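Quick note: the sequence shown uses this note's numbering, first residue 593, plus one each step. What follows is one structure encoded as structure tokens, with my remarks underneath.
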Amino acid sequence: MSTDKDNSQQARLAALYEVSSQLGTSLDLSEVLNQVMDAIIQLTGAERGFLMLFDSVTGKLQTMAARNV
């Protein structure tokens, strides 16, 4: 049972490493958020998802990346 837990933790760490590596390859926020969204979908096995950022000017959340919504 600890092997399953270890494998799951290793997969999460590998995904986190991949996302952090991708963050350093682009200065384009939209591109980075799309890469993060893809990694999150893959890691969690989710069918759909979205990333939102707070807009301090409007005081509202803005969808910045989405998949299958």
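All C-beta atoms in this analysis are idealised placements derived from N, C-alpha and C, irrespective of residue type, glycine included. For clarity, every value in this text was computed on a predicted model and none was experimentally measured.
- DSSP places Leu635 in no beta strand (DSSP E) but in the uninterrupted alpha helix (DSSP H) bounded by 621-636.
- The shortest C-alpha to C-alpha distance from Asn626 to any of Ala606, Glu639, Lys652, Val611 is the one to Val611.
- By the neighbour-count criterion, in which 16 or more other beta carbons inside 10 Å mark a residue as buried, Ala603 falls on the exposed side.
- With fewer than 16 neighbouring CB atoms inside 10 Å of its own CB, Ala606 falls in the exposed class.
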